[in-house]
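Remember, my numbering sits 347 above the position in the sequence shown when you count from 1. All C-beta atoms, glycine included, are put in the ideal place defined by N, C-alpha and C. Following: one structure in structure tokens, then a few remarks.
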Amino acid sequence: MKPLIVLFISFFLALLIIKWLTRQFDIFLAARIAMASMLIFTSIGHFVFSKGMAMMIPPVVPFKESLVFLTGILEILLAIGLLIPKLQFLSAWALIVFLVMMLPANIYASLYEVNFEKGNYSGNGPSYLLFRIPLQGLFIFWTYWSSIRN
């Protein structure tokens, strides 16, 4: 829920600031800034809650905590790439692939009720997927619409 709030607040703030600075609305730029802001926000969790995030990864995957750190760095790089015109298209496709690849970890975490912030098994459970899967779809659509389609 927090990433969605960050996405929407960042979008409206970016839209207003762009309008104030340029006297025009640039909805696509505002959307890219919002996605970049959301990625920076979520990347922080990879470093602050690394042990809990490692719990989201199935046991068969080695080097869980290192993978959490690497994906946090990747989120930061993708956020930057969305804001650089020459890297925007490639970064957007990479982000879409990344979002698709992260969905199994979210499903696993929900099935095992992982609470990554607390680092325990007190999460919302499978019912969270009713929110999380459409949310992941929204992030994918948002990225495609703001960075690839336009």
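Identify which residue in the options has its Cα closest to the Cα of residue i.
i, options, result
"L351", "Y468, L485 and S493", "L485"
"F358", "S474, V447, A383 and N471", "A383"
"E422", "A439, I387 and E412", "I387"
"G361", "A378, S457 and P432", "In the sequence as displayed, the identity of residue 361 is Ala instead of Gly. Minimum Cα distance to A361 is reached at A378."
Going by beta-carbon coordinates alone, are residue i and residue j separated by less than 8 Å?
i, j, result
"F436", "S494", "yes"
"I404", "L417", "no"
"H393", "M400", "yes"
"G472", "E464", "no"
"L446", "I380", "no"
"G466", "K398", "yes"
"I365", "F372", "yes"
Please work out which residues of its chain come closer than 7 Å, Cβ to Cβ, to residue i, disregarding the five sequence neighbours upstream and downstream, and give them in chain order.
i, result
"I443", "I487, T490 and Y491"
"N497", "F375"
"L434", "G428"
"M385", "P350, V353, L354 and S357"
Our contact map puts residue i next to residue j with C-beta atoms below 8 Å; I'd like the distance itself, whole angstroms only.
i, j, result
"N462", "Y468", "7 Å"
"L458", "Q483", "No, L458 and Q483 are not in contact; Cβ-Cβ is about 15 Å, not under 8 Å."
Here's a check: name, in chain order, each residue in its chain whose Cβ is nearer than 8 Å to the Cβ of residue i, leaving out the five neighbours to either side.
i, result
"W440", "I495"
Just to confirm my understanding: we take residue i, look at its own chain, exclude 5 residues before and 5 after, and list those with CB closer than 6 Å. What are they?
i, result
"S390", "G419, E422 and I423"
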